[in-house]
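Structure first, commentary second.
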Amino acid sequence: MTTPETPLRVGLAGTGPWARNTHAPALAAHPGVVLSGVWGRRAE
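So, in structure tokens, the structure goes:
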């Protein structure tokens, strides 16, 4: 279980439209989550 003192660190695998428009913003906005990394096949 996580608390604000120890948030859940999450990484995203994929940078497509769903990740960019839905998953990343939702994870970044959640107070108990830290978006720690993102991986995509393309550098951009």
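The end of the sequence shown is residue 290 by my numbering, with every number in the run present.
Note that CB positions come from ideal geometry on N, CA and C, so glycine has one too.
(Q) Extract the residue ranges of the beta strand (DSSP E) inside the stretch 247-286, only unbroken runs of 3 or more that lie entirely within it. (A) Correct list: 254-259 and 279-285.
Q) Between L254 and G278, which are expected to be in contact by the criterion C-beta below 8 Å, what is the C-beta distance as a whole number of angstroms? A) Under the criterion of beta carbons closer than 8 Å, L254 and G278 qualify as touching, at roughly 6 Å.
Q.
So the candidates are R288, V284, V280 and G260; which of them puts its Cα closest to the Cα of E251?
A. It is V280 whose Cα lies nearest to the Cα of E251.
Q: Given a cut-off of 8 Å, decide if T268 and V284 are closer than it, judged by their beta-carbon atoms.
A: Note that the C-beta distance between V284 and T268 is not below 8 Å.
Q) Would L258 pass as a contact of A270 if the rule is Cβ separation under 8 Å? A) Taking 8 Å as the Cβ cut-off, L258 and A270 qualify as a contacting pair.
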